[in-house]
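Structure, as structure tokens:
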Amino acid sequence: MSIRLRFLLAGFCIGLAELLPGISGATVALMFGIYKKLIECISKLKDLDLLVPLLLGMAVSVFGFSKLINFLFLNYTNLFEFFIGILMIFYGAYLFLSNIQKSKRKELFFFSLLFVISVAVGVAIGNLSGLDASVGTFPLVIYGFIAFSFLLIPGISGSAFLLAIGIYPLIIGSVADLNLLVLLPFATGMLFSLITMPKLIEKLLSKFDKNIYMIFAGFILGAGSSII
Numbered sequence: 008m009s010i011r012l013r014f015l016l017a018g019f020c021i022g023l024a025e026l027l028p029g030i031s032g033a034t035v036a037l038m039f040g041i042y043k044k045l046i047e048c049i050s051k052l053k054d055l056d057l058l059v060p061l062l063l064g065m066a067v068s069v070f071g072f073s074k075l076i077n078f079l080f081l082n083y084t085n086l087f088e089f090f091i092g093i094l095m096i097f098y099g100a101y102l103f104l105s106n107i108q109k110s111k112r113k114e115l116f117f118f119s120l121l122f123v124i125s126v127a128v129g130v131a132i133g134n135l136s137g138l139d140a141s142v143g144t145f146p147l148v149i150y151g152f153i154a155f156s157f158l159l160i161p162g163i164s165g166s167a168f169l170l171a172i173g174i175y176p177l178i179i180g181s182v183a184d185l186n187l188l189v190l191l192p193f194a195t196g197m198l199f200s201l202i203t204m205p206k207l208i209e210k211l212l213s214k215f216d217k218n219i220y221m222i223f224a225g226f227i228l229g230a231g232s233s234i235i
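Going by this note's numbering, the letters in the sequence shown line up with residues 8 to 235, in that order.
Here you go:
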């Protein structure tokens with residue numbers, strides 16, 4: 008499969024994932040094997056032509072299948088969440104096992120501990136609810152930064168974070184109403200995350216790739232468990 012076709016298909020599935028709170032688009036990118044390349048494209052502004060099929064795929068799925076996904080999610084919520092949760096659990100376990108097999112014996116305990124801690128964090132984040140977040144210009148910048156950062160991290164959903172702190176309806180409503188008093192500070196936080204986080208993630212992947220993938224595996228498995 009050519010890399011452009013892979014980016015197109017990944018973009019399509021990422022678009023579907025972003026329609027559902029609790030699912031991270033970065034997890035889908037990791038499943039399709041484009042995550043590291045995507046982070047590199049964004050952080051180094053390199054091979055940006057690959058973003059065209061990715062964004063095209065996302066646009067097709069968001070605009071073409073949003074009603075279908077919404078219908079399925081509303082009418083078959085339990086079945087839908089069970090399927091997605093099982094898929095994430097299996098992929099998280101696969102990612103853990105594939106990396107642990109490449110590890111040296113002396114690394115096994117540390118990587119296993121890192122994985123277990125990450126699973127706990129993934130479950131905790133997935134089960135966040137009922138938080139009462141303050142709304143103001145500076146908090147909205149922070150929320151935008153965190154939500155977009157979560158978008159870049161497999162296993163953690165930015166939309167689920169917004170739901171947990173109670174401002175998801177505010178953000179969605181502000182998009183529909185073009186409420187710039189809310190959107191501008193929120194978008195500022197997202198932009199700051201876009202500028203800084205891909206570079207940080209790329210540096211971490213280049214130096215501590217196994218460690219980072221163990222953390223991702225734990226986040227994904229933990230998030231899948233919390234969905235079920």
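Glycine residues also receive a C-beta, built at the ideal position from the N, C-alpha and C atoms.
* Asked: Smallest Cα separation from F226: which of V189, Y101, F193, F122?
  -> Residue mapping note: residue 226 aligns to position 219 of the sequence shown, counting from 1. Closest option to F226, Cα to Cα, is F122.
* If L147 and G196 are in contact, beta carbons under 8 Å, what's the gap, nearest whole angstrom? -> Numbered from 1 along the sequence shown, position 140 holds the residue referred to as residue 147. Numbered from 1 along the sequence shown, position 189 holds the residue referred to as residue 196. Sure, about 7 Å apart at Cβ, within 8 Å.
* So Y101 is in the alpha helix (DSSP H); what residue range does that whole segment cover? -> The count along the sequence shown starts at 1 and reaches residue 101 at position 94. Its alpha helix (DSSP H) spans residues 84–107.
* **Close beta carbons around I208, own chain, < 6 Å, minus the five adjacent residues each side** => Along the sequence shown, one-based indexing puts residue 208 at 201. So the list reads I46, once near-sequence residues are dropped.
* Beta carbon of G64, beta carbon of A17: below 8 Å? -> Along the sequence shown, one-based indexing puts residue 64 at 57. Along the sequence shown, one-based indexing puts residue 17 at 10. In contact: G64 and A17 (Cβ atoms closer than 8 Å).
* Drop a sphere of 10 angstroms on the beta-carbon of L228, count the other beta-carbons inside from all chains shown, and report buried for 16 or more, exposed for fewer. => As a first step, residue 228 must be located in the sequence shown, where it is residue number 221. L228 should be labelled buried.
* Any idea what DSSP makes of D216, helix, strand or coil? -> Here the question's residue 216 lines up with position 209 in the sequence shown. Here D216 sits in helix by DSSP.
* In chain order, what residues of the same chain have a beta carbon less than 6 Å from the beta carbon of P60, not counting five sequence neighbours either side? -> Here residue 60 refers to the residue found at position 53 when the sequence shown is read from its first residue. So the list reads R11, F14, L15, once near-sequence residues are dropped.
* Can you give the Cα-Cα distance for A194 and G151, rounded to whole angstroms? -> Position 187 of the sequence shown, counted from the first residue, corresponds to residue 194. Position 144 of the sequence shown, counted from the first residue, corresponds to residue 151. When rounded, the distance between both Cα atoms is 6 Å.
* To do: Consult DSSP for N186 and reduce its assignment to one of helix, strand or coil.
  => As a first step, residue 186 is located in the sequence shown; it is residue number 179 there, counting from the start. It is coil, neither helix nor strand.
* To do: Look at I222 and S125 and say whether their C-beta atoms are less than 8 Å apart.
  => Sequence index remark: in the sequence shown, residue 222 carries index 215 (1-based). Sequence index remark: in the sequence shown, residue 125 carries index 118 (1-based). Taking 8 Å as the Cβ cut-off, I222 and S125 qualify as a contacting pair.
* **Three-state class that DSSP yields for K113 in the structure shown** => Against the sequence shown, residue 113 aligns to sequence position 106. K113 falls in the helix class under three-state DSSP.
* To do: Can you say whether V189 is buried or exposed, counting buried as having 16 or more other CB atoms within 10 angstroms of its CB?
  => For the purposes of this step, residue 189 is identified with residue 182 of the sequence shown, where counting begins at 1. Buried.
* To do: Report buried or exposed for I202, applying the criterion of at least 16 other Cβ atoms within 10 angstroms of its Cβ.
  => Locating residue 202 in the sequence shown gives position 195, counting from the first residue. With fewer than 16 Cβ atoms within 10 Å of its Cβ, I202 is classed as exposed.
* To do: Please name the residue in K53, G162, S166 whose C-alpha comes closest to that of I219.
  => Against the sequence shown, residue 219 aligns to sequence position 212. Answer by Cα proximity: G162.
* Asked: Which class does P60 belong to by DSSP, given the choice of helix, strand or coil?
  -> Locating residue 60 in the sequence shown gives position 53, where the first residue counts as 1. Helix, per DSSP.
* Near F215, which residues of its chain fall below 6 Å by C-beta distance, leaving aside the five closest residues on each side in sequence? -> Here residue 215 refers to the residue found at position 208 of the sequence shown. There are no such residues.
* Asked: Does the Cβ of F118 have 16 or more other Cβ atoms within 10 Å, making it buried, or fewer, making it exposed?
  -> As a first step, residue 118 is located in the sequence shown; it is residue number 111 there, counting from the start. Buried.
* Does the beta-carbon of L185 have 16 or more other beta-carbons within 10 angstroms, so that it is buried, or is it exposed? -> Translated into the one-based positions of the sequence shown, residue 185 becomes position 178. By the 10 Å Cβ count, L185 comes out exposed.
* Output yes or no for whether 8 Å exceeds the beta carbon distance between L79 and F89. => Your numbering for residue 79 matches position 72 in the sequence shown. Your numbering for residue 89 matches position 82 in the sequence shown. Not closer than 8 Å, so no.
* Member of L57, S233, S156 whose CA lies at the smallest distance from the CA of A33 -> Within the sequence shown, numbered from 1, the residue matching residue 33 stands at position 26. Among L57, S233, S156, the Cα nearest to that of A33 belongs to S156.
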